[in-house]
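Going by the UniProt record's numbering, the first residue of the sequence shown is number 1, and it counts up by one from there.
The beta carbon of each residue, even a glycine, is placed where N, CA and C say it ideally should be.
In what follows, a structure is listed as structure tokens, so that the remarks can point back to it.
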Amino acid sequence: MTNRLLNLLGSYPKCDEFQIGRLLIWVEYPSGKNCVACLRNAEEILPELESDISRVEELAAISIGSSVPATVAGIRIEADRSASYECTFFDGEHEDEFITIRRDSGGYLFAEAQGKSAG
């Protein structure tokens, strides 16, 4: 296992924020959970989450009927190995909207909600 979550951008009461290239990663620390174990868990699952990005971007675009591809801006990793992908659009009718694609702990992807405006 490599340590890729080294570029800490911010630390908050319930999560830490990292950056890998242009991708933001938030590692959640639920109350009563060991933060080191949560971070180790996030490191372990990160390659799987990254490999899903192209499918996530496709699902995000399909779920709101966009002809413009979505871009994953960030991934929120939960202690139970589930995750949320925050997707946005840089062009077209859904420009600057965000949509969340969830990944359950078993790897199943689904759209959480319709697009939300960034403004």
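For Trp26, tell me which candidate among Asn34, Gly32, Glu17, Lys33 has the shortest Cα-Cα distance. Glu17
Beta-carbon proximity check, Val36 vs Val56, cutoff 8 Å:
no
| Is the beta carbon of Phe89 sitting closer than 8 Å to the one on Ser67? | no
- Going by the beta-carbon positions, is the gap between Asn7 and Gln19 smaller than 8 Å? yes
* **Buried or exposed by the 16-neighbour rule on C-beta atoms within 10 Å, applied to Leu9** => exposed
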